[in-house]
Amino acid sequence: MPMNLMLQEAIQQALKALFKLDLSQEAFLLQPTRKEFEGTHTLVTFTLAKACQQSPEAVATQLGTWLQKNTTLIESFHTVKGFLNLQLKDAIWLQQFHDIYHDPHFGCCKPNGQKIVVEYSSPNTNKPLHLGHLRNNFLGHAISNILQAVGYDVYKVNLVNDRGIHICKSMVAYQHWGNGETPQSSDLKGDHLVGKYYVLFDKAYKEQVTALIAGGTSSEEAAQQAPLLQEAQGLLVRWEAGDKSVRDLWHTMNAWVYAGFEVTYQQLGITFDKTYYESDTYHLGKQIVQEGLAEGVFYAKQDGSIWVDLTPEGLDNKLLLRTNGTSVYITQDLGTVALRHTDFQADKMVYVVGNEQDYHFKVLASIIHRLGLPYAAGIHHLSYGMVDLPSGKMKSREGTVVDADELIAEMIQTAEAHTHMLGKIEDFSAAEAQQLYRTLGLGALKYFLLRVDAQKRLLFDPQASIDFKGDTGTFIQYTYARIQSVLHKAQAQGLSYRDVPLSHDIALHPLARDLIVLLTACPEKLQEAANTYAPSVIAQYALDLAKGYNKLYATLPILTEANHAQQVLRLQLSDLLARTLQRILHLLGIDTPHRM
RNA sequence: GGUCCCAUAGCUCAGCUGGAUAGAGCGACUGCCUUCUAAGCAGUAGGUCGGAAGUUCGAAUCUUCCUGGGAUCACCA
Numbered sequence: 035m036p037m038n039l040m041l042q043e044a045i046q047q048a049l050k051a052l053f054k055l056d057l058s059q060e061a062f063l064l065q066p067t068r069k070e071f072e073g074t075h076t077l078v079t080f081t082l083a084k085a086c087q088q089s090p091e092a093v094a095t096q097l098g099t100w101l102q103k104n105t106t107l108i109e110s111f112h113t114v115k116g117f118l119n120l121q122l123k124d125a126i127w128l129q130q131f132h133d134i135y136h137d138p139h140f141g142c143c144k145p146n147g148q149k150i151v152v153e154y155s156s157p158n159t160n161k162p163l164h165l166g167h168l169r170n171n172f173l174g175h176a177i178s179n180i181l182q183a184v185g186y187d188v189y190k191v192n193l194v195n196d197r198g199i200h201i202c203k204s205m206v207a208y209q210h211w212g213n214g215e216t217p218q219s220s221d222l223k224g225d226h227l228v229g230k231y232y233v234l235f236d237k238a239y240k241e242q243v244t245a246l247i248a249g250g251t252s253s254e255e256a257a258q259q260a261p262l263l264q265e266a267q268g269l270l271v272r273w274e275a276g277d278k279s280v281r282d283l284w285h286t287m288n289a290w291v292y293a294g295f296e297v298t299y300q301q302l303g304i305t306f307d308k309t310y311y312e313s314d315t316y317h318l319g320k321q322i323v324q325e326g327l328a329e330g331v332f333y334a335k336q337d338g339s340i341w342v343d344l345t346p347e348g349l350d351n352k353l354l355l356r357t358n359g360t361s362v363y364i365t366q367d368l369g370t371v372a373l374r375h376t377d378f379q380a381d382k383m384v385y386v387v388g389n390e391q392d393y394h395f396k397v398l399a400s401i402i403h404r405l406g407l408p409y410a411a412g413i414h415h416l417s418y419g420m421v422d423l424p425s426g427k428m429k430s431r432e433g434t435v436v437d438a439d440e441l442i443a444e445m446i447q448t449a450e451a452h453t454h455m456l457g458k459i460e461d462f463s464a465a466e467a468q469q470l471y472r473t474l475g476l477g478a479l480k481y482f483l484l485r486v487d488a489q490k491r492l493l494f495d496p497q498a499s500i501d502f503k504g505d506t507g508t509f510i511q512y513t514y515a516r517i518q519s520v521l522h523k524a525q526a527q528g529l530s531y532r533d534v535p536l537s538h539d540i541a542l543h544p545l546a547r548d549l550i551v552l553l554t555a556c557p558e559k560l561q562e563a564a565n566t567y568a569p570s571v572i573a574q575y576a577l578d579l580a581k582g583y584n585k586l587y588a589t590l591p592i593l594t595e596a597n598h599a600q601q602v603l604r605l606q607l608s609d610l611l612a613r614t615l616q617r618i619l620h621l622l623g624i625d626t627p628h629r630m
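Heads up: the first sequence begins at 35 in our numbering, then just goes up one per residue.
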């Protein structure tokens, strides 16, 4: 049984025995003891003082005395004002450790029978992935793994935005200046090639607008009348009409982009169970809108457009169907959510989408709720903040975006340079070394983007992200590699520890106890991360584990420890810590190197 | 203008449903490799938790107002 639960039950009994109070476990607060005080658990008795009709100190002292006398848990206790600091018996902690050490499923929950669909990535097909997409992909991948770890049946889906005016712009530019260029002929990744034409379009378009304005046209009119934009719009109309030549070019260019994306996804270790294409789903949702109209949930204006009035929810009136009967963004989302529900019969649907769409998802949730659809309660928007650069916001038009492929390559190169400098892996084969650089470079990048609370904006400092010391993924990986080294040497020396029974009457060093306390928190951390959709909780936890271990490692001998029981304990601690680190880093999509 | 999000050390971030003297990392300074990987450990310096009220025995945390930053309110997606 987890320690917290054991203590809570004991405290409940104590309260009943001493004060005839029958309190639920939520009624009192059990928190970790601050470092400067002795003990691991602290009961805050201010809240109990009134009900017990005694001072907080008196309550604490009496509870402490009772617990020590009537349970086998307590070694000693200290009362400081309204805080009861409990020092538990080492034997109890050793028993706890023994239990989790031998539990192969520690921290993993049994399947809870619930299905959950996580949508993430969702790129446009007119340009390559950038830093912002990386945050999205890492978050989506990590939260999927975390949800799976706590028992959900998780399906990862991608919704590719493969149609619309943006891809038409790249197509127009390609028609004008492409000269039959292909990814092969130019030796350019497909997504970058298409992105190149998008940039070309934008540049030429701006020139046209400027020229029009110089000729006396107003800036709004110029923006609309520029021939290139007219062309792109014309292409969109022909695309929607199914014009063969337009569709062919569209297919060709999108295929280039997908091949490019695939390379990047593979680099990142990102996968999906299903990919949706907006060209297949953009017309969906109309029927739902019509049904809502028939039911009187929505209303039609004179011009034939259909709206919903969300002012009672504190939102605005929202257009659902254009005058010409075509879908808007929200119509499509109403359709795709319904499609997903029939595809997966999921209990929950999570959308990993930037916080610039907070309003959109509020509207979507409200509408689904109004319609009384069965999946109304299960929708969650995992909203995340923009990624800023030291120079400010990323702007694709100003060329200040950080390209994902370039960044990945840079991280790997830096890892390589740093590894060479340290010279610890001279005996590695070229392939092994290359693998290590990838593990380190990507680990640093993923950790850097995942450690921050998703909701907050994130400042991406290229220098800091490439740094390999301190609060970094590398630090955690290093801890793992260190442990592997210790365990290998133990094995080489013929030290067995895995199945050696742990003596329960050895004195526990505070650093070892701290580690055990940390390790036992693993299930709660996973649960918290899942409940709050927060991979950062896991990132933070991994860091705490690594720090705790490094302290112990620097202070206590392991392989040269004379006391056999202590040595076995430290080896087992090292072993479980490495396994736990590996497992939770894996949830974040971060690999663990055996050596570095 | 309405709505939503954010504000903690010079910088980047933790701080759980209110609890003890607000914590890490980077940067700065000082120690520690003849013993398990120094990508490490230990220590010093650095704070009016944006501001003001309120609730409370107790507020970085909850409420209100204000300031600053960001997003959004398209017959764009």
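Quick reminder that beta carbons are idealized off the backbone N, C-alpha and C, glycines included.
Leaving out five residues before and five after residue i in sequence, what residues of the same chain have Cβ atoms less than 7 Å from its Cβ?
i: Lys352; result: Trp341, Val342, Leu344, Ile364 and Val397
i: Gln600; result: Ile540
i: Leu619; result: Ile510, Ala576 and Thr626
What is the DSSP secondary structure of residue i, counted as helix, strand or coil?
i: Tyr409; result: coil
i: Ile540; result: coil
i: His628; result: coil
i: Ala334; result: strand
i: Lys237; result: helix
i: Val534; result: coil
i: Gln24; result: Since the first residue of the chain shown is 35 and the last is 630, residue 24 is not available in this structure.
i: Glu109; result: strand
i: Leu371; result: The residue asked about is misnamed: residue 371 is Val in this sequence, not Leu. DSSP places Val371 in helix when its eight states are reduced to three.
i: Thr309; result: strand
i: Ala349; result: The sequence shown places Leu at residue 349, rather than the Ala named in the question. Leu349: coil per DSSP, three-state reduction.
i: Val114; result: strand
i: Ser178; result: helix
i: Lys278; result: helix
i: Lys203; result: helix
i: Pro268; result: The residue you asked about is not Pro; residue 268 is Gly in the sequence shown. Gly268: helix per DSSP, three-state reduction.
i: Ile322; result: helix
i: Tyr493; result: Checking the displayed sequence, the identity of residue 493 turns out to be Leu instead of Tyr. Strand at Leu493.
i: His132; result: helix
i: Asp137; result: coil
i: Asp439; result: helix
i: His164; result: strand
i: Asp225; result: helix
i: His317; result: coil
i: Lys144; result: coil
i: Phe462; result: coil
i: Met37; result: helix
Based on DSSP bridge pairs, tell me the residues matched to residue i.
i: Asn195; result: Asn158
i: Tyr189; result: Val151
i: Pro66; result: His75
i: Ile402; result: Its beta-bridge partners do not exist; DSSP assigns none.
i: Met383; result: Val151 and Ile413
i: Gly419; result: For Gly419, which the question treats as bridged, DSSP gives no partner whatsoever.
i: Gly388; result: Tyr418
i: Asp361; result: Sequence inspection shows Ser at residue 361; the Asp mentioned does not correspond to that position. Answer is Leu355.
i: Val342; result: Lys352
i: Gly426; result: Leu423
Keeping to the same chain, check which residues put their C-beta closer than 8 Å to that of residue i; ignore five residues upstream and five downstream.
i: Gly419; result: Gly388, Asn389, Ala488, Gln489, Lys490, Arg491 and Leu492
i: Glu72; result: Ser110, His112, Asn119 and Gln121
To which residues of the same chain is residue i closer than 6 Å at the C-beta, ignoring the five residues directly before and after it?
i: Tyr186; result: Gln148 and Ile150
Fill in: Three-pair Cβ contact test at 8 Å for the region 291-309 versus the region 165-176
Under the 8 Å Cβ criterion, the region 291-309 counts as touching the region 165-176, having at least three qualifying pairs.
Practice prompt. Report yes or no: do three or more beta-carbon pairs, one from the region 478-486 and one from the region 516-536, lie closer than 8 Å?
Written response: The region 478-486 vs the region 516-536: no contact.
Worksheet item: Within the chosen definition, does the region 237-254 reach the region 220-229 through at least 3 CB pairs nearer than 8 Å?
Response: no
Worksheet entry | Touching by the beta-carbon criterion (3+ pairs, under 8 Å), the region 584-593 and the region 105-119 | no
Worksheet entry | Stretch pair the region 491-507 + the region 457-471: three plus CB contacts closer than 8 Å | no
Worksheet item: Given 8 Å as the limit, is there contact between the region 223-235 and the region 281-290, that is, 3 or more CB pairs closer than that?
Response: yes
Worksheet entry | Uninterrupted beta strand (DSSP E) stretches inside the region 571-616 (no shorter than 3 residues) | none
Worksheet entry | Any 3 or more C-beta pairs closer than 8 Å across the region 148-165 and the region 265-278 | Contact between the region 148-165 and the region 265-278 is absent, because fewer than three Cβ pairs lie under 8 Å.
Worksheet item: For the region 175-185 against the region 200-211, are there 3 or more C-beta pairs whose distance is under 8 Å?
Response: Contact fails: fewer than three Cβ-Cβ distances are below 8 Å.
Fill in: Validate contact between the region 318-326 and the region 372-380 using beta carbons, cut 8 Å, 3 pairs
Yes, the region 318-326 is in contact with the region 372-380.
Worksheet item: Is it true that the region 111-118 meets the region 71-90, where meeting means three or more beta-carbon pairs spaced less than 8 Å apart?
Response: Note that the region 111-118 touches the region 71-90; at least 3 beta-carbon pairs, one per stretch, sit closer than 8 Å.
Discussion item. Would you call the region 562-575 in contact with the region 83-102, where contact means no fewer than 3 C-beta pairs closer than 8 Å?
Written reply: no
Worksheet item: Between the region 142-149 and the region 375-385, do at least 3 Cβ pairs fall closer than 8 Å?
Response: The region 142-149, when compared against the region 375-385, does touch it at the 8 Å Cβ threshold.
Item to complete: Would you check if the region 59-73 and the region 129-146 touch, i.e. whether three or more CB-CB distances between them fall below 8 Å?
Response: no
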